[in-house]
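*Asks:* For the sequence shown, the numbering used here assigns the number 4 to the initial residue and increments by one for each residue that follows. The structure is given below, and queries will be raised subsequently.
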Amino acid sequence: DTPAEAFPPLPEKLRPIAQLGTPAVSRRFVFTETMTMSATDMQMGFLINGAAFDMGRIDVVSKTGQVELWEIVNKADMDHPFHVHGTQFQVVEHERGGQVSKPAYLAWKDTVNVARGETVRLLLRQDRPGRRMYHCHILEHEQLGMMGVIDVQA
4 DTPAEAFPPL PEKLRPIAQL GTPAVSRRFV FTETMTMSAT DMQMGFLING
54 AAFDMGRIDV VSKTGQVELW EIVNKADMDH PFHVHGTQFQ VVEHERGGQV
104 SKPAYLAWKD TVNVARGETV RLLLRQDRPG RRMYHCHILE HEQLGMMGVI
154 DVQA
């Protein structure tokens, strides 16, 4: 068998999935960036809701089994692929320049690109308790502060 023969072809149409349902909680995450300059140095910072990552801080407390609407607002000057650990989500809207669009189909994702000036709305449900992260999936942005901690409680 060649590698192409080892896997069956993908179906022409994927099976539809049901939308998660009415959210019990809405959350808003605003991405921004900072730059400070001195005569000898330049420092960049990437923030979520005006704060850089702090491992000792819980940014979001959530409940298992609860559907949430997350609104990711990118006010920074570049795209940010947003990733959530421990769950998958459904993107339900993109908004840019006042124009709202819906995806062609619902899909389970764990990362979505949020373009400069764009707002992405997603539905998610955490099914397991514990602490986990959400962050920009560009390593440099994550290391410079664009990350948060969610504590999912039973």
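Ideal placement from N, C-alpha and C gives every residue a C-beta, glycine not left out. Please read these numbers as outputs of a predicted model, since none were measured by experiment.
(1) Output the distance between the C-alpha atoms of PHE56 and ASP82, rounded to the nearest integer angstrom.
(2) Going by C-alpha to C-alpha distance, which of LEU109, THR90, HIS86, ASP113 sits closest to GLU51?
(3) Quick check: what's the CA-CA separation for GLY100 versus GLU121?
(4) Determine the closest residue to ARG119 out of GLU74, VAL64, GLU71, LYS78, with distance taken between C-alpha atoms.
(5) With the cut-off set at 8 Å, would you say VAL94 and VAL63 are in Cβ contact?
(6) Whole angstroms is fine: what's the gap from SER29's alpha carbon to GLU74's?
(7) May I have the straight-line CA-CA distance separating ILE153 from THR43, to the nearest angstrom?
(8) Between which two residues does the alpha helix (DSSP H) harbouring GLN146 extend?
(9) Just tell me which of ALA157, ALA110, GLY151, MET149 has its CA closest to the CA of LEU17.
(10) Terminal residues of the continuous beta strand (DSSP E) containing MET38?
*Replies:* For this structure:
(1) PHE56 and ASP82 have their alpha carbons spaced roughly 19 Å apart.
(2) A small fix is needed here, since residue 51 is Ile in this sequence, not Glu. Ranking the options by Cα distance to ILE51, first place goes to HIS86.
(3) 8 Å
(4) LYS78
(5) No, the pair does not count as a contact, with Cβ atoms beyond the cut-off.
(6) Spanning the two alpha carbons is a distance of roughly 8 Å.
(7) 37 Å
(8) 142-146
(9) ALA110
(10) 28-40
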